[in-house]
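Peer 1: Per our numbering, the sequence shown starts with residue 153, numbered consecutively. For reference, the structure I am asking about is given below.
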Amino acid sequence: MPRNNQKLVPESRQMLDQMKYEIAAEFGIQVGGYTGKDLNAEFGDELGSIGGSSHTYSGWGHLTSRENGSIGGEMTKRLVRSAELHAAGHKL
């Protein structure tokens, strides 16, 4: 069965990317191209960096499967929670 990774709503890509970087910052995961200042991540600066190194990362390839999975799992959890609140008539 071929995989279809096409977005149902292509305009959501930017919002999902921002969410991904915010969650990575909250978890203290260093991702290339992100300084911690350009996104509104509540706890990102408090968590510090991996191993205290000042290495510059370029992208997501250096992350473990567990780290990537935890970010994706948290994204899913937040999106489901948002959809449930929306379905219940609550404003976000």
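Even glycine gets a Cβ: it sits at the ideal position worked out from N, Cα and C. Please read these numbers as outputs of a predicted model, since none were measured by experiment.
So, do the stretch 164-180 and the stretch 211-228 have three or more beta carbon pairs nearer to each other than 8 Å?
Peer 2: yes
Peer 1: Within 10 Å of its beta-carbon, does residue 182 have 16 or more other beta-carbons around it, so buried, or fewer, so exposed?
Peer 2: buried
Peer 1: Name the two residues that bound the continuous alpha helix (DSSP H) containing residue 265.
Peer 2: With the chain represented from 153 up to 244, any question about residue 265 goes unanswered, as that position is not in the structure.
Peer 1: Kindly give me the distance between the Cβ atoms of residue 227 and residue 171, rounded to whole angstroms, as I take these residues to be in contact under 8 Å.
Peer 2: Beta-carbon to beta-carbon, residue 227 and residue 171 are separated by about 6 Å, close enough to satisfy the 8 Å threshold.
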